[in-house]
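What follows is a set of notes on a single structure, which appears directly below.
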Amino acid sequence: MAWFFVSVVVFMAGHIIPGVLRRPITARIGSRAYIAAFSVVSLFLLGWVIYEVQHADFIALWPYEIWQSHVTLTFMLPACILWAAAILQPCPLSIGRKIGFDLDHPGINRFTRHPLLLGMMLWGLGHILPNGDLVAFMFFGGSVIFAIAGFARMEKIRAKHMDEAEYKAILAGTRRFDLAGIVHGAFGWRDVMLGIVLYGAILWAHPYVIGVDPLGAMGG
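In terms of the working numbering, the sequence shown is residues 2 to 221.
As structure tokens, then:
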């Protein structure tokens, strides 16, 4: 279990330190190179954490029931659609594309400024129930907290790179979370279609990458 905590500390450091040093790093290597390097390192560190979760001592908290896997699959579809929206639509105050945002047509930002983080929160919540051991609970529960904390943190980071008037206008015209945004053009057909493709790809790859078949776990 000790290596799990080590991997989590390194993972957190791998996000905090580059954020603090973003200006000098981007000044030296450029914004695109920074984003690419940060993404690769983040994925590597996340993979390390997942590996440690899978190999940590098993300390049961509650028994597994088939219905718990149904919860996971239900949560994952909207999570995938949110991730698709984060890829396809500009998110000026969060993780994702900064350019191309139109305040008159905020799109996903009318529902949430942070589709990638909200999707991560749903992913974490959806995986807690079928993984009823201590380390998995800390990992997925911690991911939920990390995602929620990221809402305000990302807004502060993005605020540093825009003038106050622009920042306040975007804040006023967007929402951290507002269900009404769903009926006000937050999602387009491309978001839904790409989300479904991501969902299918994750279901297919999960047994090979994680070692657990989600459909098999629910008797599918």
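A virtual CB, placed ideally from N, CA and C, is assigned to each residue, including glycine.
Bear in mind that the values here come from a model prediction, so they are computed numbers and not experimental data.
Secondary structure note for Tyr200: its alpha helix (DSSP H) is the uninterrupted segment Trp190 to Val210.
For Leu172, the closest of Met155, Ile183, His185 and His207 by C-alpha to C-alpha distance is Met155.
When DSSP states are grouped into helix, strand and coil, Ala61 belongs to the strand group. Per the DSSP secondary-structure output, Asp179 pairs with nothing in a beta bridge. A direct Cα-Cα distance of roughly 32 Å separates Tyr35 from Gly182. The three-state reading of DSSP puts His106 in strand, counting E and B together. Nearest to Ala80 by C-alpha distance, out of Gly108, Ala148 and Leu46, is Ala148.
Looking at the backbone, the Cα of Pro208 and that of Gly201 are separated by about 12 Å.
The shortest C-alpha to C-alpha distance from Gly196 to any of Arg176, Gly186, Asp214 and Leu117 is the one to Leu117.
Under the 10 Å beta carbon count, Ile109 is surrounded by 16 or more other beta carbons and is classified as buried. For Lys157, the enclosing alpha helix (DSSP H) stretches over residues Leu135 to Ala160. Comparing C-alpha distances from Met194 to each of Trp84, Gly101 and Val11 shows the shortest one belongs to Trp84.
Taking a C-beta distance under 8 Å as the contact criterion, Gly125 and Ala61 do not qualify as a contact pair. The shortest CA-to-CA distance from Phe188 to any of Val11, Trp4, Tyr52 and Gln90 is the one to Gln90.
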